[in-house]
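S.K.:
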Amino acid sequence: MESLASHPFLRACRREPADYTPVWLMRQVGRYLPEYRTMRERLSLLELCKTPEAAAEATVLAVEKLGVDAAIIFADILLVAEPLGVGLAFARGEGPVIERPVRARDDVARLREVPAAEAAPFVFEAIRLARRALGRRAPLIGFAGAPFTLASYLIEGGPSQDFAATKRLMHVDPDTWQALMERLVRLTVDYLAGQIAAGADAVQLFDSWVGCLSPDAYRRFVLPYTRRVIAGLPPGVPVIHFGTGTAGLLELMREAGGDVVGLDWRVDLGEAWRRLGPGVAVQGNLDPAVLLTTPAEIRRAVRAILAAAGGRPGHIFNLGHGVLPDTPWTHVLAMVEAVHEMSRDRCCL
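Straight run, no breaks: the sequence shown in the numbering used here ends on number 921.
#1: Where in the region 610-647 do unbroken runs of the alpha helix (DSSP H), each at least 4 residues long, occur, reported from the N-terminal end onward?
#2: Assign A653 to one of three DSSP states: helix, strand, or coil.
#3: Count the other C-beta atoms from every protein chain shown that fall within 10 angstroms of the C-beta of S724, then say buried if there are 16 or more, exposed otherwise.
#4: Looking at the strands, I want to know which residues DSSP matches up with P589.
#5: Let me check understanding here. Comparing Cα to Cα, which of W781, F715, V832 and E843 lies closest to V771?
#6: Take A692 as the anchor and find which of R704, R672, P731 and F646 has the nearest alpha-carbon.
#7: Using a Cβ-Cβ cut-off of 8 Å (strictly less than) and excluding sequence neighbours within five positions of I768, which residues of its own chain qualify?
#8: Using the rule of at least 16 other Cβ atoms within 10 Å of the residue's Cβ for burial, across every protein chain shown, is G537 buried or exposed?
#9: Starting from L752, trace the alpha helix (DSSP H) both ways and give me its first and last residue.
#10: Which complete beta strand (DSSP E) runs does the region 836-870 hold, if anything under 3 residues is left out?
#11: Could you spell out where the beta strand (DSSP E) holding V775 opens and where it closes?
#12: If distances are taken between C-alpha atoms only, which option among R800, R675 and M914 comes closest to K739?
#13: Does the distance from the CB of D779 to the CB of F720 come in under 7 Å?
#14: Give the range of the beta strand (DSSP E) segment to which V833 is assigned.
#15: Checking contacts by CB at 7 Å: is G659 closer than that to chain B?
#16: When burial is assigned at 16 or more other CB atoms within 10 Å of the CB, is E728 buried or exposed?
#17: Could you tell me the alpha carbon to alpha carbon distance between E913 and R871, rounded to whole angstroms?
#18: In the DSSP assignment, the alpha helix (DSSP H) including L701 goes from what residue to what residue?
#19: According to DSSP, simplified to helix, strand and coil, what is H887?
#20: Three or more C-beta pairs under 8 Å: does that hold for the region 893-906 against the region 608-615?
#21: In chain order, what residues of the same chain have a beta carbon less than 6 Å from the beta carbon of R684, not counting five sequence neighbours either side?
#22: Please name the residue or residues paired with H813 in a DSSP beta bridge.
#23: Note down the Cα distance separating R847 from E823, rounded to an integer number of angstroms.
#24: Check each candidate in A642, L617, L615 and E697 and name the one with the smallest Cα separation from I812.
#25: Note down the Cα distance separating P594 from I802, rounded to an integer number of angstroms.
#26: Do the region 876-893 and the region 617-626 make contact, defined as three or more Cβ pairs closer than 8 Å?
#27: Nearest-angstrom Cα distance between A879 and D917?
#28: Leaving out five residues before and five after G886 in sequence, what residues of the same chain have Cβ atoms less than 7 Å from its Cβ?
#29: Using a Cβ-Cβ cutoff of less than 8 Å, which residues in the same chain neighbour L617 once the five nearest sequence positions on both sides are dropped?
#30: Where do the N-terminal and C-terminal ends of the alpha helix (DSSP H) with F720 fall, by residue?
#31: Considering only residues of the same chain and omitting the five flanking positions on each side of L701, which have a CB-CB separation below 7 Å?
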């Protein structure tokens, strides 16, 4: 049996030639899939995340239904925040809510320091179950929120449009910011290392909100901590470093580290790869809204991104962010099939 190490996804992470361009999707298991909607009729989001058997089933679903080249463990980036003692709830239609936001030094001091094995044991068990269920069909990706994105949720109390409270704390009280980030670095390294030990073949660091920052703020308040997370992980396991709205931060993200840099749809893939340099793989970067259009337009957009990648080793096809809830699942399947077909027959690009 062929070793999983030679799977096209892991080969692409290492910038090695592969028979075709591997593809997976952020939020590839979500409300757009009828099987997932059925699961959610029985379980809330938190219940699903905390039930290892159900989370593993959801993880494997995308590989079985869509033929994607990697599974990503079904979880939420805030699962490790709940044991800190901040209170976590998911309001219908509004996303996560932090009940006791972190706004001052005393708030940081009150945060509990809990080992990841105690904070989220259900995630590690779901990874073990999913890894066994996947066998050699596809690699399994673990993930965590990057320290900045976790901090922004803790400070803002939930999603934000301007991240004003986060930016104010960074600039007005940098010592408190440093104390918070150092705690989150320790937690994130512990959490990702635990996922790798449980069987994750690669990990993705989601810095979903870092695009709100200026390059100077990123350099001062984020880069040192992200670099420590990535440098602190076990060697030999690929790290994907992803953010949105990061066209102005790409070189700094590259400096922070990662084997693969994830690109959103607001930047041309070929130009972004040129800026990043040859020593890193790239992931992306179809606009998720394209999947709401037609199969013909999806194929056109897939062809354009593959052409921008130019057949260079080290491209992982993905969206620029997650699958939108109203996406027809057959459109996702058409996209996956188009990526495989066109990248195998590069003369068509």
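The beta-carbon is built from N, C-alpha and C at its ideal position, and this holds for glycine as well.
M.R.: Inspection of the coordinates gives the following:
#1: 617-621 and 624-638
#2: Numbered from 1 along the sequence shown, position 81 holds the residue referred to as residue 653. A653 falls in the coil class under three-state DSSP.
#3: The residue given as residue 724 occupies position 152 in the sequence shown. By the 10 Å Cβ count, S724 comes out buried.
#4: By 1-based counting over the sequence shown, the position of residue 589 is 17. None; P589 has no bridge partner.
#5: By one-based count along the sequence shown, residue 771 stands at place 199. Note that residue 771 is Gly in the sequence shown, not Val. Minimum Cα distance to G771 is reached at F715.
#6: Locating residue 692 in the sequence shown gives position 120, counting from the first residue. When only C-alpha atoms are compared, the closest one is F646.
#7: Counting from one through the sequence shown, the residue named residue 768 turns up at place 196. G714, V775, L805, P806 and V809.
#8: Since the first and last residues shown for the chain are 573 and 921, residue 537 lies out of range.
#9: Walking along the sequence shown from the start, residue 752 turns up at place 180. Per DSSP, L752 belongs to the alpha helix (DSSP H) from P746 to A770.
#10: 853-855
#11: Working through the sequence shown from its first residue, we reach residue 775 at position 203. First-last of the beta strand (DSSP E) with V775: A774 to D779.
#12: Taking the first residue of the sequence shown as 1, we reach residue 739 at position 167. Here the closest residue by C-alpha is R675.
#13: Your numbering for residue 779 matches position 207 in the sequence shown. Your numbering for residue 720 matches position 148 in the sequence shown. Yes, the Cβ-Cβ distance between D779 and F720 is below 7 Å.
#14: Stepping through the sequence shown from its first residue, residue 833 is reached at position 261. Start and end: V832 to G834.
#15: Checking the listed chains, one finds no chain B in this structure; it contains a single protein chain.
#16: The sequence position of residue 728 within the sequence shown is 156, counting from 1. Classification for E728: buried.
#17: Indexing the sequence shown from 1 puts residue 913 at position 341. Indexing the sequence shown from 1 puts residue 871 at position 299. Going from the Cα of E913 to the Cα of R871 covers about 10 Å.
#18: Looking up residue 701 in the sequence shown gives position 129. From DSSP, the alpha helix (DSSP H) with L701 extends over P693 to L706.
#19: As a position in the sequence shown, residue 887 is number 315, starting the count at 1. H887: strand per DSSP, three-state reduction.
#20: no
#21: Within the sequence shown, numbered from 1, the residue matching residue 684 stands at position 112. For R684, where only same-chain residues beyond five positions count, the Cβ hits under 6 Å are L656 and G657.
#22: Sequence index remark: in the sequence shown, residue 813 carries index 241 (1-based). Answer is L777 and V833, bridged to H813.
#23: Counting from one through the sequence shown, the residue named residue 847 turns up at place 275. Counting from one through the sequence shown, the residue named residue 823 turns up at place 251. About 7 Å.
#24: Counting from one through the sequence shown, the residue named residue 812 turns up at place 240. The residue with the shortest Cα to Cα distance from I812 is A642.
#25: Numbered from 1 along the sequence shown, position 22 holds the residue referred to as residue 594. Numbered from 1 along the sequence shown, position 230 holds the residue referred to as residue 802. If you take the alpha carbons of P594 and I802, they lie about 23 Å apart.
#26: no
#27: The residue given as residue 879 occupies position 307 in the sequence shown. The residue given as residue 917 occupies position 345 in the sequence shown. The straight-line gap from Cα to Cα measures roughly 12 Å.
#28: Against the sequence shown, residue 886 aligns to sequence position 314. Hits under 7 Å: A584, R587, A853 and V854.
#29: As a position in the sequence shown, residue 617 is number 45, starting the count at 1. Correct list, in chain order: D648 and F662.
#30: Sequence index remark: in the sequence shown, residue 720 carries index 148 (1-based). Looking at the DSSP string, the run of the alpha helix (DSSP H) that includes F720 is P719 to E728.
#31: Numbered from its first residue, the sequence shown carries residue 701 at position 129. Closer than 7 Å at Cβ, skipping near neighbours: P624, E625 and A628.
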